[in-house]
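Under our numbering, the first residue of the sequence shown is numbered 246, with each subsequent residue one higher. To keep things clear, I will list the structure first and then write my remarks on it.
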Amino acid sequence: MTLHTDVPEIRVRVLNDIEVQADGAWVVYWMTAFRRTRSNYALQYARDWSKQLARPLVILEALRVRYRWASDRFHRFIIQGMCDNAAECESKNVLYYPYVEPQPGAGSGLVQALAEQACIVISDDYPCFFHPNMLRVVSRSLPSRLEVVDANALMPLRTADRTFTVAHSYRRWMQKTLPHHLEQPPEENPLDKRSTRTLPVIKSLPKDIQTRWPSADLTALMAANGLSEIPIDHSIGDGAVQGGPSMAASLLARFVGQRLGQYNTDRNEPDEYGSSELSPHLHFGHIGAHEIFFAVMQAEDWNPSKLKKPNGKVNGFWGVDECAEAFLDQLCTWREIGFNMCWREPHYDRLQSLPAWTLETLRVHAADQRPIVYSLEEFEHAKTHDEIWNAAQRQLVREGRIHNYLRMLWGKKILHWTRTASDALEIMIELNNKYGLDGRDPNSYSGIFWVLGRYDRAWGPEREIFGKIRYMTSENTAKKHKLKKYLRRYS
Numbered sequence: 246m247t248l249h250t251d252v253p254e255i256r257v258r259v260l261n262d263i264e265v266q267a268d269g270a271w272v273v274y275w276m277t278a279f280r281r282t283r284s285n286y287a288l289q290y291a292r293d294w295s296k297q298l299a300r301p302l303v304i305l306e307a308l309r310v311r312y313r314w315a316s317d318r319f320h321r322f323i324i325q326g327m328c329d330n331a332a333e334c335e336s337k338n339v340l341y342y343p344y345v346e347p348q349p350g351a352g353s354g355l356v357q358a359l360a361e362q363a364c365i366v367i368s369d370d371y372p373c374f375f376h377p378n379m380l381r382v383v384s385r386s387l388p389s390r391l392e393v394v395d396a397n398a399l400m401p402l403r404t405a406d407r408t409f410t411v412a413h414s415y416r417r418w419m420q421k422t423l424p425h426h427l428e429q430p431p432e433e434n435p436l437d438k439r440s441t442r443t444l445p446v447i448k449s450l451p452k453d454i455q456t457r458w459p460s461a462d463l464t465a466l467m468a469a470n471g472l473s474e475i476p477i478d479h480s481i482g483d484g485a486v487q488g489g490p491s492m493a494a495s496l497l498a499r500f501v502g503q504r505l506g507q508y509n510t511d512r513n514e515p516d517e518y519g520s521s522e523l524s525p526h527l528h529f530g531h532i533g534a535h536e537i538f539f540a541v542m543q544a545e546d547w548n549p550s551k552l553k554k555p556n557g558k559v560n561g562f563w564g565v566d567e568c569a570e571a572f573l574d575q576l577c578t579w580r581e582i583g584f585n586m587c588w589r590e591p592h593y594d595r596l597q598s599l600p601a602w603t604l605e606t607l608r609v610h611a612a613d614q615r616p617i618v619y620s621l622e623e624f625e626h627a628k629t630h631d632e633i634w635n636a637a638q639r640q641l642v643r644e645g646r647i648h649n650y651l652r653m654l655w656g657k658k659i660l661h662w663t664r665t666a667s668d669a670l671e672i673m674i675e676l677n678n679k680y681g682l683d684g685r686d687p688n689s690y691s692g693i694f695w696v697l698g699r700y701d702r703a704w705g706p707e708r709e710i711f712g713k714i715r716y717m718t719s720e721n722t723a724k725k726h727k728l729k730k731y732l733r734r735y736s
């Protein structure tokens, strides 16, 4: 059966060979990574199946217990998004079903139970963390057709036929390739009345499903001690930013209206709030790259006729203000090159994924004497001798984020103060993924591995420990950037 849809074919994958069951009870959208109702190819695709088959659309947004680094911080951020999604779906012709697992394994069988009566199950094609393996396992036993949709980035994951190793080559390729894909953006609101008015509606799921897997009481979970009975890490409290598509939209509006014009300078100053602050919401899928891209371009009064000849440079391609160009480079190059790596390389999070020159220089300098060696516990509790490093680590622990520039220094010093590059990588991943709201993401793995030479070039002069890898110091950072407010804030 062929679906009539505007979702680009390159963004859709079929994970099993079961035929679509036209006489099923419903279509299921299993929302796992793109936790939003706006600008979401996967939701749009599921809606199109519902319309074509004239069957109700069931949106299952589930939250499991057994994921590594599960904590109050991440659970609460996700559930805040669930609250937004529940409110958004309340008046729509869809059934939104939030499920929060109370104990490990309690949610097992829910997707299969829904699939038994489903025409088709649609889910999110996210290339990082536990998602790829989860989908592989589920696809083997699911009793209905399973298709996954890529709503990760501006560039479809399957577009590139190679793994890019440096930003310049990716940028040059992106400038030639991306404009074509921007011609088929996701619908801004796939659940608007016009799009869903013909969908049949069911008020609730069968009682046996509701009894075994009861819908989450989101209000109760958001109460002060609402997560206390769930066996996750309760020592890590909320971050500095609230989760959810509504907050993401507010942050985007503030960034475009107040910060975009100074982005090129303010983003690197720790004393300033110059970033978009959207990386946690991008990670949890509360906002999509298309929504951000077009909001910036609307503010710049942009249209495709302003595009310049591809040049592989940060500035001068999009035909907008240099601050907007700088931000677009982060969004279109640096964010998306990380997805290219995670999609194509199964060992993206291991030392062996580094370029050959990096592995060689680390091998040559493996026996170099370290000036000091700190343990994971000392790093975690900001017990180093370095005031700037400690401040960055405290920000990560308290707020779930690190200032963009200081994140690079943070990683470089971990490499400097550990016995091996392998130890440094393990500590960076542990701290970033345990505390960072934007951790466990292709973009954050890019940042961690950039510290070790990924996407960079060999630098001179060759130094102890670092070899040919780019070197950074707190002393130079203090000379170049304003830090007084930052250090006082995180003292």
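In this text, a Cβ means the ideal position worked out from N, Cα and C, and glycines have one as well. As the structure is a computational prediction, the values presented were derived from the model and not from experiment.
Check, Outcome
"Tell me whether Asp251 sits in a helix, a strand or coil according to DSSP, three-state version.", "coil"
"Per DSSP, what kind of secondary structure is Gly506 in: helix, strand or coil?", "helix"
"When the Cα atoms are used, what is the spatial distance from Ala291 to Leu607?", "48 angstroms"
"So is Thr510 buried or exposed if we call it buried at 16+ other beta carbons inside 10 Å?", "exposed"
"Decide yes or no for the touch test of the stretch 333–353 against the stretch 302–310: beta carbon pairs closer than 8 angstroms, at least 3 of them.", "yes"
"Got a sec, what are the start and stop residues for the beta strand (DSSP E) Ser316 sits in?", "Note, Ser316: premise wrong, no beta strand (DSSP E); not H, not E."
"Just the C-alpha distance for Trp634 and Ala485, rounded to the nearest angstrom, thanks.", "19 angstroms"
"Would you mind working out which of Glu623, Gly692 and Leu682 sits nearest Ile481, comparing C-alpha positions?", "Leu682"
"Would you please state the rounded distance, in angstroms, between the beta carbons of Leu399 and His535? I believe it to be under 8 angstroms.", "6 angstroms"
"Of all the options Asp478, Ser460 and Gly684, which has the alpha carbon lying nearest to the alpha carbon of Gly352?", "Ser460"
"Is the CB-CB distance between His528 and Asp686 below 7 angstroms?", "yes"
"Use the C-beta contact count for His320: other C-beta atoms within 10 angstroms, 16 or more gives buried, fewer gives exposed.", "buried"
"Where DSSP assigns a beta bridge to Leu302, which residues make up the other side?", "Val272"
"Hey, would you say Ala278 sits closer than 7 angstroms to Asp369, going by beta carbons?", "yes"
"Helix, strand or coil: how does DSSP classify Ala307 here?", "strand"
"So, using beta-carbon positions, are Ser691 and Asn677 closer together than 7 angstroms?", "no"
"Using DSSP with H/G/I as helix, E/B as strand and the rest coil, what is Asp613?", "coil"
"Confirm, please, whether the CB-CB distance from Gly712 to His610 is below 7 angstroms.", "yes"
"By Cβ distance below 7 angstroms, which residues in the same chain neighbour Ile263 in space, the five residues on each side in sequence not counted?", "Ser389 and Arg390"
"Entirely within the stretch 541–618 and at least 4 residues each: give me those alpha helix (DSSP H) ranges in chain order.", "567–574, 580–589 and 601–609"
"Would you tell me roughly how many angstroms separate the C-alpha atoms of Ser719 and Leu654, rounded to the nearest one?", "7 angstroms"
"Could you spell out where the beta strand (DSSP E) holding Ile367 opens and where it closes?", "Ala363 to Asp369"
"Would you identify the three-state DSSP class for Val383, choosing helix, strand or coil?", "helix"
"May I ask you to report which of helix, strand or coil DSSP gives Glu392?", "strand"
"Specify the secondary structure class of Arg292 as computed by DSSP and reduced to three states.", "helix"
"Using the Cα positions of Glu671 and Gln348, report the straight-line distance between them to the nearest angstrom.", "28 angstroms"
"Mind reading off the beta-carbon distance from Val366 to Trp275? Whole number of angstroms is fine, and I expect it under 8 angstroms.", "6 angstroms"
"Could you tell me the distance, in whole angstroms, from the CA atom of Ala465 to the CA atom of Ala494?", "25 angstroms"
"Within the same chain, show all residues whose beta-carbon is closer than 8 angstroms to that of Pro600, passing over the 5 residues directly before and after it, in chain order.", "Thr410, Gly698 and Arg699"
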